[in-house]
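So the protein lines, in turn, are chains A and B. Position one of the first sequence corresponds to residue 181 (our numbering), numbered consecutively onward. Position one of the second sequence corresponds to residue 12 (our numbering), numbered consecutively onward. Structure first, then comments.
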Amino acid sequence: MIEIPVIRWGRPYESLERADVVHFETGEVMARMHQANAGLVQMDMRKAAQARDVLRQIPCTELIRKCQQAAELFLTATMPLGNGTQTPEQFCEIQSATTGLPLNMARGNMSKNAFVLSHMGEILDALTRGLPLDILTRGYGMESRGVMVSYQAASPVLGLVLPSNSPGVHTLWLPAIPLQIGLVLKPGSSEPWTPYRMYEAFAAAGVPREAFSLYPGPHDVGNKVLETCQRAMIFGGTATVEKYAGDPRVQAHGPGFSKILIGDDVVDRWEDYLDVLVRSVLINGGRSCINCSGIWASRHTEAIADAIARRIGPVTALPTTDPDAALAAFTIPGAAEAMNSQIDDGCQSEAVTEMTAKYRDGDRLIRKERCDYLRPTVLHVSDCKDPMANTEYMFPFVSVVQCPQKQMLSRIGTTLVGTAITADEQWIRELVDARHIDRLNVGPIPTCALNWLQPHEGNIIDFLFRNRAFQNSLPPAH
Amino acid sequence: MLVAAAIGKRQSPDGEGKTVASLDEKISAHRQALDQQTREIVQWHFGEDTGCEFWLEKKKTFDFDPLTDVRGFDDLKKFPLFEDDWLRGGPMRRWVPQPYQDKAIYVFETGGTTGIPKSRVVVEDHWIDYEMFSATLPDKSFPRGSNWLMLGPSGPRRLRLAIEHLAQFRGGICFCVDLDPRWVVKLLKKGKVEEAKAYSAHVIDQAMAILSANNDIQCMFTTPKLLEALALRLMDEGSSVEQSGIKGIFCGGTEFTQQWFRFACEELLGPNVYITPTYGNTLMGLACGKPFDPADNYKITYYAPQPRAVVEVVDFEDHTKLVGYGETGRVKLYTMTKELFVPGFLERDEGEREKPHDKYPWDGVSSVRPYHVFAKTTTVGVY
């Protein structure tokens with residue numbers, strides 16, 4: 181049995197409380213996670229400054245090189261895991277086995293995390309707009325254009341309360357290490373694999389273990405991480421996002437409500453973009469905040485919805501080992517059933533038509549002994565004010581909404597990724613000014629196609645560092 | 012007397028002439044004492060001249076006669092389960108045995124943040140319980156004559172008066188900090204985490220003030236959460252629980268896990284501060300922790316103050332059936348004092364049944380935690 185300890189600034193700590201991580205289908209115990217208690221976190225956070233101190237002894241450029249080594253190790257090496265070891269294939273297998281994510285998606289997410297890590301130099305150069313990184317180390321310095329700048333670390337460590345259902349989100353915290361910010365990770369209960377493997381990869385690449393703490397444990401451990409870290413991220417639903425709204429210390433990542441808006445100038449050629457639409461909805465089992473949950477157009481919406489439904493309606497649950505598996509299991513009892521009921525309720529509206537049913541051999545909800553699946557669902561919504569026009573679920577689900585172009589921006593609501601397929605310059609200007617769209621794509625770009633050189637839900641540099649004034653000589657007379 | 016008779020039976024194996032009883036003999040003697048207590052208490056609570064109005068009325072609904080059909084502890088299973096809802100609302104005097112009607116009566120509340128609270132009447136039980144508990148405390152860590160800090164829930168609970176009595180019984184003075192856990196529960200249910208934290212800080216501020224005021228406080232009652240908050244505050248200010256002068260801590264009131272016990276001993280307190288876990292409630296009194304033994308690896312085992320109260324670990328589906336030793340079941344409590352009779356009450360906790368111990372030669376319960384069926388809906392350990 182794999183026993184995985186708590187990590188306290190690089191030191192393994194064997195807890196007296198352990199939690200089983202089980203296979204999502206069979207219930208077989210795959211590993212035993214040692215459980216931290218909240219007091220342990222608070223005790224350790226009194227020494228958080230040491231994590232940054234130890235990282236600051238290594239130049240950022242050297243840490244970036246170590247990130248590249250870590251990426252290679254993460255992707256290819258047999259790494260330590262608790263009292264055992266883990267090959268890359270075992271990593272994907274156990275992640276799939278405990279989360280219900282198909283093996284091909286586990287592999288995909290693994291590659292994505294490694295990609296970001298191996299391109300860290302370019303990413304930080306882009307996100308800092310070319311700032312010499314030793315300025316972040318020292319807190320101030322002269323730019324090449326002769327301007328004194330100061331970036332003060334807002335926290336010596338970044339806290340993360342991580343999810344179990346989406347291994348792709350780990351890309352968000354990887355830049356912390358080369359920025360010389362320590363990591364305090366509270367792994368998801370069924371997906372501790374990426375944080376632990378990444379920790380071992382960093383350590384094997386020569387990043388000091390003292391910069392990391394990993395605290396598997398119950399909810400109060402996550403709460404303590406959020407409370408004691410001056411900068412932290414949490415992943416959750418709308419309620420979580422609302423809870424931390426306005427708290428500058430916490431970045432809450434929730435549903436994306438990502439959308440594709442098709443302009444009047446191109447909507448008559450909607451079939452040209454069908455692949456983009458389908459890919460945006462279906463990829464990664466529809467689990468990501470960057471999956472498309474709404475497609476908005478002023479006309480042809482029924483035809484668009486029908487065409488997508490024809491493509492994704494037949495998709496069904498396959499074994500996680502099947503290379504064609506496109507759906508992830510819901511492992512929390514009752515979760516899929518609740519979503520299914522909500523969708524059925526929503527379909528009672530006169531404005532809503534379920535388009536997938538005729539292409540599906542059976543019900544949307546597939547019940548299994550220890551997990552459930554929801555099959556892809558496309559709704560046609562003829563009234564953009566209907567609640568189903570702006571809904572997101574963690575499976576391939578999309579509402580194709582009929583809405584005049586001139587009303588779209590006022591109706592779509594908060595949108596993480598907004599892809600606007602249009603060449604209408606006036607509308608593009610309005611889209612650029614729309615502050616409720618976080619990532620804007622103009623053109624037929626799938627919502628899930630991220631350029632890592634761009635900020636995601638805010639620039640992590642701005643989150644972790646405060647750009648403030650610093651003077652060590654008199655300013656010019658004025 | 013029965014216990015003493017058993018103790019005098021044979022020579023100890025060390026050959027020094029001490030007379031000690033084997034554990035089996037102690038278990039047997041204590042079982043006899045429990046049966047005796049059961050008979051006496053049932054006669055008292057169902058006697059026409061002694062019983063309280065509640066039980067005398069209840070007796071009319073039974074298909075057996077407690078006065079003649081209860082001959083030992085096992086016969087308590089003839090009674091229906093005690094329902095704590097019976098404790099909601101008055102008149103409270105219906106619970107007071109007739110000979111105590113002219114005595115000074117306390118009423119203590121338990122649980123609940125809304126609605127009519129559950130209450131029990133007490134004359135002297137809280138004093139007796141804590142005097143018995145006092146005998147289990149080591150004088151080295153709880154020096155007689157030293158003062159106490161009571162850092163825990165007060166208000167309508169019996170805890171404040173009980174701790175104060177414990178301090179006075181041991182020759183000390185008790186300093187108290189006020190705490191209303193129901194307000195904390197309300198804050199948390201409304202998602203007002205920051206306000207709850209501010210309230211906790213306000214409570215710790217008061218404790219810090221008392222500890223810094225030359226009050227010779229060497230003993231403390233507190234809950235796990237408050238002890239953690241106090242210890243970390245002291246550390247943040249460059250001090251520690253030990254440096255504040257505290258030698259002994261009596262800790263309880265909320266869930267007390269094995270891991271937390273170890274964390275407290277190893278990291279919050281250090282080797283020179285003694286901590287004794289307890290488990291109890293207003294109905295039962297106070298169950299003591301088994302003396303610390305490194306071999307237990309911080310597992311906490313509680314023993315009820317028999318024969319005044321009994322803890323059983325029973326099958327989740329059949330509360331009349333004990334689970335095997337080491338097996339998990341629901342905690343069932345019995346109280347048999349002259350002030351209160353509870354013939355079997357299913358607590359909102361579960362744990363493992365433990366074998367008798369030399370110091371407490373009757374069944375214990377370990378790793379007590381919220382009953383898994385209720386755990387998801389209960390706000391626990393808020394203070």
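Note that CB positions come from ideal geometry on N, CA and C, so glycine has one too.
- In the three-state reduction of the DSSP assignment, ARG615(A) falls in the coil class, being assigned neither a helical nor a strand state.
- If one requires a minimum length of 3 residues, the beta strand (DSSP E) runs lying completely within the stretch 314 to 346 of chain B are 320 to 325, in chain order.
- The beta carbon of SER324(A) sits closer than 8 Å to the beta carbons of PRO312 from its chain, once the five residues preceding and following it are set aside; these are given in chain order.
- A residue is called buried once 16 or more other Cβ atoms fall within 10 Å of its Cβ, and SER344(A) is buried on that count.
- Non-local beta-carbon contacts of GLY182(B) in its own chain, meaning distances under 7 Å to residues more than five positions away in sequence, involve ARG155, GLY156 in chain order.
- Secondary structure note for VAL532(A): its beta strand (DSSP E) is the uninterrupted segment 532 to 534.
- Chain A has no Cβ within less than 8 Å of the Cβ of GLU206(B).
- Close to ARG244(B), with beta-carbon spacing below 9 Å, lies no residue of chain A; the smallest spacing is near 11 Å.
- Contact between SER438(A) and ASN471(A) holds: CB atoms are separated by about 6 Å, below the 8 Å threshold.
- Residue contact with chain B for LYS366(A): absent (no Cβ-Cβ distance below 8 Å to any residue of chain B).
- Put simply, the CB of GLY281(B) is far from chain A, with every gap to its CB atoms at 8 Å or more.
- Nothing from the stretch 256 to 277 of chain A brings a Cβ to less than 7 Å from some Cβ of chain B.
- Boundaries of the alpha helix (DSSP H) harbouring TRP138(B): 136 to 145, taken from the DSSP string.
- At a cut-off of 8 Å between beta-carbon atoms, GLN230(A) makes no contact with chain B.
- In the DSSP annotation of this structure, SER529(A) is not part of any alpha helix (DSSP H), being labelled neither H nor E.
- By the C-beta criterion, the stretch 614 to 624 of chain A is judged not to be in contact with the stretch 409 to 416 of chain A, since fewer than 3 inter-stretch pairs fall below 8 Å.
- When secondary structure is reduced to three states using DSSP, ARG544(A) falls in the coil class, being assigned neither helix nor strand.
- DSSP, reduced to helix, strand and coil, places ARG226(A) outside both helices and strands of the structure shown, so it counts as coil.
- Spanning the alpha carbons of GLY598(A) and VAL461(A) requires a straight line of approximately 13 Å.
- In terms of Cβ geometry, GLN269(B) and GLU197(A) form a close pair [threshold 8 Å].
- In this structure, the beta-carbon distance from ASN284(A) to PRO347(A) does not fall below 8 Å.
- For the options SER369(A), GLY434(A), LEU365(A), GLU390(A), the alpha carbon positioned closest to that of ILE512(A) is the one of SER369(A).
- With respect to THR346(B), LYS88(B) sits apart: the two C-beta atoms are not nearer than 8 Å.
- By the Cβ-count criterion, ALA518(A) is exposed, with fewer than 16 other Cβ atoms from all chains shown falling within 10 Å of its own Cβ.
- At the C-beta level, GLU361(B) and TYR382(B) come within 8 Å of one another.
- 8 Å or more divides the Cβ of GLY443(A) from the Cβ of ILE640(A).
- Cβ atoms of ASN292(B) and THR121(B) come within 8 Å of each other, at about 6 Å.
- Of the residues assessed, VAL612(A) falls on the exposed side of the cut-off, its CB having fewer than 16 other CB atoms within 10 angstroms.
- Close partners of SER195(A) in chain B (Cβ separation under 7 Å): GLN270.
- In terms of beta-carbon proximity, ARG273(B) lines the interface with chain A, with at least one pair separated by less than 8 Å.
- Closest in C-alpha terms to ASP486(A), from the list GLN237(A), THR533(A), PRO584(A), comes THR533(A).
- Residue pairing of CYS472(A) in beta bridges, as defined by DSSP: SER438(A).
- Contact note: MET285(A) does not reach chain B at a C-beta cutoff of 8 Å; the least C-beta distance is about 30 Å.
- Shown here, ARG411(A) sits in a strand according to DSSP, grouped into three states.
- At a cut-off of 8 Å between beta-carbon atoms, GLN332(A) makes no contact with chain B.
- The three-state reading of DSSP puts TYR553(A) in strand, counting E and B together.
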